[in-house]
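Numbering (the working numbering), first residue to last: 1 to 56.
Here is the structure:
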């Protein structure tokens with residue numbers, strides 16, 4: 001019997017953008033689905049999609 005990882009759970013999240021991110025995204029909030037489990041993963045997903053270029 002092989003062990004398998006559980007399927008990622010899709011979550012509905014509401015994001016609020018402030019300051020530079022709001023200006024760059026052109027929106028103040030959005031609702032989206034994600035399988036990210038941490039804020040860092042979620043930011044990476046959004047960064048790639050929207051082209052954000054902020055360092056940690």
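Note that CB positions come from ideal geometry on N, CA and C, so glycine has one too.
Boundaries of the beta strand (DSSP E) around residue 15: 11-16. Within a 10 Å sphere around the beta-carbon of residue 46 sit 16 or more other beta-carbons, which makes this residue buried.
Counted as a single uninterrupted DSSP element, the beta strand (DSSP E) harbouring residue 31 occupies residues 29-34. Under the three-state reduction of DSSP, residue 44 is assigned to helix.
Non-local beta-carbon contacts of residue 29 in its own chain, meaning distances under 8 angstroms to residues more than five positions away in sequence, involve 14, 15, 16 and 17 in chain order.
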